[in-house]
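The sequence shown begins at 1 in our numbering and counts up one residue at a time. Yeah, the Cβ is synthetic: ideal placement off N, Cα and C, and Gly gets one too. A quick write-up on the structure given underneath.
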Amino acid sequence: MKLQMHSIHFDADRKLTDFIQRKADKLDTFYDRIIDGEVFMRLDKNEKNANKIIEIKLNVPGKQLFAKNQSDSFEAAADEAVEGLRRQIKKFKEKVVLANQ
């Protein structure tokens with residue numbers, strides 16, 4: 001799956017973008033019709049802890065799935081956001097299967 005990475009007000013290193021890409025690629029095992037997606041990484045200046053925010057948008061046929069998470073590290077936030085998208089994909093897939101019956 002093709003993901004566009006956007007790091008807002010900082011430069012994300014290659015290891016972080018590769019980590020997020022690997023996590024998101026695992027979503028293809030749950031639903032193989034994901035078209036593409038966008039990832040936004042940002043730092044919240046107001047918070048001392050849990051100031052890393054990840055937002056992930058995925059485009060699937062007929063719908064856009066979205067997850068946002070805030071944590072102490074981008075990796076932890078990405079894990080939680082991908083897990084949220086996994087749950088959304090499963091629900092979406094069930095609705096598609098029911099609609100086609």
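Own chain, CB closer than 8 Å to residue i, minus 5 neighbours either side, in chain order
i, result
"Asp28", "Met1, Ile34"
"Val60", "Tyr31, Arg33, Ile34, Ile35, Ile89, Phe92"
Residue i, buried or exposed, once every other Cβ within 10 Å from all chains shown has been counted against 16
i, result
"Gly37", "buried"
"Val39", "buried"
"Phe10", "exposed"
Close Cβ partners of residue i (< 6 Å) along its chain, the five nearest in sequence each way excluded
i, result
"Lys93", "Tyr31"
Presumed contact (8 Å Cβ cut-off) between residue i and residue j, rounded CB distance
i, j, result
"Val82", "Lys23", "5 Å"
"Lys57", "Leu43", "Actually they do not touch by this definition, with Cβ atoms about 19 Å apart."
Cut-off 7 Å between Cβ atoms - residues of its own chain near residue i, not counting five sequence neighbours on either side
i, result
"Arg86", "Leu27, Phe30"
"Gln21", "Leu3"
"Ala77", "Lys52, Ile53, Ile54, Asn69, Gln70, Ser71"
"Lys90", "Phe30"
Nearest to residue i (by Cα), restricted to the options the options
i, options, result
"Lys45", "Ala99, Asp72, Ala78", "Asp72"
"Leu65", "Ala78, Ala99, Gly84", "Gly84"
"Ala50", "Glu75, Ala67, Gly62", "Glu75"
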